[in-house]
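Quick mapping for you: the protein sequence lines, in order, are chains A and B.
Going by the numbering used here, the first residue of the first sequence is number 145, and it counts up by one from there.
Going by the numbering used here, the first residue of the second sequence is number 230, and it counts up by one from there.
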Amino acid sequence: DVKVTQSSRYLVKRTGEKVFLECVQDMDHENMFWYRQDPGLGLRLIYFSYDVKMKEKGDIPEGYSVSREKKERFSLILESASTNQTSMYLCASSPPQGRVTEAFFGQGTRLTVV
Amino acid sequence: LAKTTQPISMDSYEGQEVNITCSHNNIATNDYITWYQQFPSQGPRFIIQGYKTKVTNEVASLFIPADRKSSTLSLPRVSLSDTAVYYCLVGDPFYNQGGKLIFGQGTELSVKP
């Protein structure tokens, strides 16, 4: 079974802190994604990466950056956390051509910024 | 990227068949229709995908009319454990680079005893 592992299930950080959310997948997938999920807003794409060191902005990239130095790892960085970034963060990866739309998700990280 | 529109919520009772319709008027020729299921406190899970006509697996059926501007996810004889949010999205499964997956708000299905 494909495994997408997020480093923390719950995280509490202070306003202004630099926050790293880590995601690792074990199936050699090219594509990796970061989403945030808020009540009433569904899943919103923050960043997408289709290869090592390659990234594309999603719908809501402001206040976030990403890093993909190795194929299996995709990190989401909050440069200076703010309370409006309190949310559930979901990482996903998807198989190569022919199954790109069949993504596998991690269990999520619930981040609270106080 | 084609946008999708689904009902925000639906109610059903155990044992009934549930049909959730998704509208995707601007679907591109190479796009497939994909559905995900999300239980509370979990990430979404892929359940079914199709291009046209009908696709069936052990979880659900997917009906796609000839014009492909809409699709219907059908869950036969639902149980309480089918209570979840269901997302419809469209995308090209063969287009690796730039293959963003855009989710809408989803349909919250509530199954009652």
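From the three backbone atoms N, C-alpha and C, an ideal C-beta is built for every residue, glycine too.
Nothing here was measured: the structure is a model prediction, and the numbers come from that model.
**OP:** Kindly give me the distance between the Cβ atoms of residue 258(A) and residue 175(A), rounded to whole angstroms, as I take these residues to be in contact under 8 Å.
**Re:** Actually they do not touch by this definition, with Cβ atoms about 33 Å apart.
Original post:
With 9 Å set as the bound, which would you pick, yes or no: does the beta-carbon of residue 218(A) sit closer than that to a beta-carbon of chain B?
Top reply: no
Subject >> Endpoints, the beta strand (DSSP E) within which residue 282(B) is located >> reply: 282 to 285
**OP:** Report yes if the CB atom of residue 253(A) is closer than 9 Å to the CB atom of residue 150(A), and no otherwise.
**Re:** A contact, by the Cβ cut-off of 9 Å.
Subject >> For residue 253(A), three-class secondary structure by DSSP >> reply: Residue state for residue 253(A) is assigned as strand, using DSSP reduced to three classes.
**OP:** Note down, in chain order, each residue of its chain lying with its Cβ closer than 8 Å to the Cβ of residue 198(A), except the 5 sequence neighbours on either side.
**Re:** 212
Subject >> Closer than 9 Å to chain B by CB, residue 164(A) >> reply: Chain B contact via Cβ: absent.
Subject >> For residue 170(A), the three-state DSSP class (helix, strand or coil) >> reply: coil
Original post:
In its own chain, which residues sit with a C-beta less than 8 Å from the C-beta of residue 214(A), not counting the 5 before and 5 after it?
Top reply: 196
**OP:** Return the chain-ordered list of same chain residues with a C-beta closer than 8 Å to the C-beta of residue 291(B), the five sequence neighbours on each side being excluded.
**Re:** 262, 264, 277, 278, 279, 283, 284, 285, 300, 301, 302 and 303
Subject >> Nonlocal neighbours in the same chain, by C-beta distance under 7 Å from residue 313(B), ignoring five residues either side >> reply: 266, 267, 268 and 338
Original post:
What does residue 158(A) reach in chain B if we use C-beta pairs closer than 8 Å?
Top reply: Within 8 Å Cβ-Cβ: nothing; residue 158(A) doesn't reach chain B, min ~25 Å.
**OP:** Starting from the C-beta of residue 185(B), find all residues in its chain whose C-beta is less than 6 Å away, skip the five residues before and the five after it, and write them out in chain order.
**Re:** Any question about residue 185(B) goes unanswered here, given that chain B covers just 230 to 342.
Subject >> Which of helix, strand or coil DSSP assigns to residue 296(B) >> reply: coil
Original post:
So is residue 273(B) in contact with chain A if we call contact Cβ pairs under 9 Å?
Top reply: So, interface residue.
**OP:** Report yes if the C-beta distance between residue 259(B) and residue 323(B) is below 9 Å; otherwise report no.
**Re:** yes
Subject >> Anticipated Cβ contact below 8 Å, residue 219(A) with residue 173(A), distance rounded >> reply: That belief does not hold up - the Cβ atoms of residue 219(A) and residue 173(A) are roughly 16 Å apart, past 8 Å.
**OP:** Please confirm if residue 300(B) has its CB atom under 9 Å from at least one CB of chain A.
**Re:** no
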